[in-house]
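Colleague:
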Amino acid sequence: MQSVRIHSREKDGVVILDLQGKLMGGDDADTFKATIYRLIEEGRKSVVVNLHDINWINSTGMGILISGYTTMRRSGGDLTLLHVSDKIRSILYVTKLSTIFRCFASEEDAVKGFEEV
Amino acid sequence: MAGTIVIEFPSDYKFLNIVDLVTAEVVQTLCFEHKAANEVGISVIEACTNAIEHGNKQSADESVRIEYHCAADRLTIEVCDRGKGFDFANYLAHIPNPANIDHLRGRGIYIMKNMMDSLEFEMVPGQGMKVKLVKRLRGEGGGDAQQG
Chain E
926 MQSVRIHSRE KDGVVILDLQ GKLMGGDDAD TFKATIYRLI EEGRKSVVVN LHDINWINST
986 GMGILISGYT TMRRSGGDLT LLHVSDKIRS ILYVTKLSTI FRCFASEEDA VKGFEEV
Chain A
12 MAGTIVIEFP SDYKFLNIVD LVTAEVVQTL CFEHKAANEV GISVIEACTN AIEHGNKQSA
72 DESVRIEYHC AADRLTIEVC DRGKGFDFAN YLAHIPNPAN IDHLRGRGIY IMKNMMDSLE
132 FEMVPGQGMK VKLVKRLRGE GGGDAQQG
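Line by line, the protein sequences give chains E and A. The first sequence begins at 926 in this note's numbering and counts up by one. The second sequence begins at 12 in this note's numbering and counts up by one.
#1: What does E:Val1019 reach in chain A if we use C-beta pairs closer than 7 Å?
#2: If I'm right that E:Glu1032 touches E:Leu1007 with Cβ under 8 Å, what's the distance once you round it to whole angstroms?
#3: Out of curiosity, what's the CA-to-CA distance linking E:Ser1000 and E:Ile1025?
#4: Name the chain C residues whose beta carbon is nearer than 7 Å to that of A:Arg118?
#5: Would you list the residues sitting across from E:Asp1003 in a DSSP beta bridge?
#6: So is A:Pro109 in contact with chain E if we call contact Cβ pairs under 8 Å?
#7: In the DSSP output, which residue or residues are listed as bridge partners for A:Phe20?
#8: Using the Cα positions of E:Gly993 and A:Met12, report the straight-line distance between them to the nearest angstrom.
#9: Could you give the first and the last residue of the continuous beta strand (DSSP E) run that contains A:Phe43?
#10: If you follow the beta strand (DSSP E) that A:Ser129 is part of, which residue opens it and which one closes it?
#11: For A:Gly115, which residues in chain E fall below 7 Å Cβ to Cβ?
#12: Please check if any C-beta of chain A sits within less than 8 Å of the C-beta of E:Asp1011.
#13: Between A:Pro163 and E:Ser1010, what straight-line distance do the alpha-carbon atoms span, to the nearest angstrom?
#14: With 8 Å as the threshold, decide whether the Cβ of E:Met949 is near any Cβ in chain A.
#15: Below 8 Å, how does it come out for the segment 97 to 114 of chain A and the segment 966 to 976 of chain E: are there three or more Cβ pairs, yes or no?
#16: Counting only Cβ pairs nearer than 9 Å, list the residues of chain A close to E:Thr1024.
#17: Tell me, to the nearest whole angstrom, how far the beta carbon of A:Lys146 is from that of A:Met134; I am working on the premise that it is less than 8 Å.
#18: When the distance is taken between beta carbons, is A:Ile112 closer than 8 Å to E:Thr995?
#19: Three-state secondary structure (DSSP) at E:Met949?
Listed below in structure tokens is the structure:
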């Protein structure tokens, strides 16, 4: 079962993945993983995951984001989060994953965020 | 508001939408403040995810039952599956570090434990696993407006 749709676009050399729906495991993990591996094969190093249209997420969905983050980091890239809702922020905070993920409130800041690394 | 609301649904993730909507209505009716309402919503989804995946093994023939027990000072939610349960005492004593990014799974119980005031597991003979979540209402008059 697939609950999330992923649309990929680019801004100033940064890949922005617009996620829509629910991020909760199942086929979502395969879809997201395949997208990340494709980007790595294309040599992309900077990925922003836009969560603006994610209705909700569970801990399994959080694991999907962690998988994307670790995969990008191990290939020499980075993955950050954009438009994190209060609910998702609560999960990041309580699990202390807020110390791992860089989160941005605007697309402009998210794109600029890679210049500072 | 006092009383009990019961919903039961087949073990399919697509019904979590309905669970989320019902939970949102319940916490709004009880006047939980925004942060506490989110914590209840997140925890119920985690409990239901575990019930579908680990309890009922995603079998649509098995159902998940939720009872929302509303009282003046607290909301108690019981999520019941038809599974064989697990060694929750041992798990609770050795909950993995949620910040360890080498682990992709296993944060659901940690999240529930830290977002709710109380989390209990009970194996009900002949039925299945019951997860009991409690969130207290803070503030005068039963509302939760005073909580930060």
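Backbone N, C-alpha and C fix where the C-beta goes; we use that ideal spot for every residue, glycine too.
Modeller: Taking the structure as given:
#1: Ile122, Asn125, Met126
#2: With a Cβ gap of about 6 Å, E:Glu1032 and E:Leu1007 count as contacting.
#3: C-alpha separation (whole angstroms): 17 Å.
#4: As a matter of chain content, chain C is missing from the structure shown, whose protein chains are E and A.
#5: E:Ser971
#6: yes
#7: According to DSSP, which records beta bridges pairwise, A:Phe20 is partnered with A:Val75.
#8: Between the alpha carbons of E:Gly993 and A:Met12 lies a distance of about 44 Å.
#9: Annotation: A:Phe43 is outside any beta strand (DSSP E) and is labelled neither H nor E by DSSP.
#10: Under the DSSP assignment, A:Ser129 falls in the beta strand (DSSP E) whose first and last residues are 129 to 135.
#11: According to the sequence displayed, residue 115 of chain A carries Leu and not Gly. The contacting residues are Gly988, Ile991, Ser992.
#12: yes
#13: Since the displayed chain A opens at 12 and closes at 159, residue 163 of chain A lies outside it and no answer follows.
#14: yes
#15: no
#16: Under the 9 Å cutoff, chain A gives Ala110.
#17: About 23 Å; that fails the 8 Å criterion.
#18: yes
#19: coil
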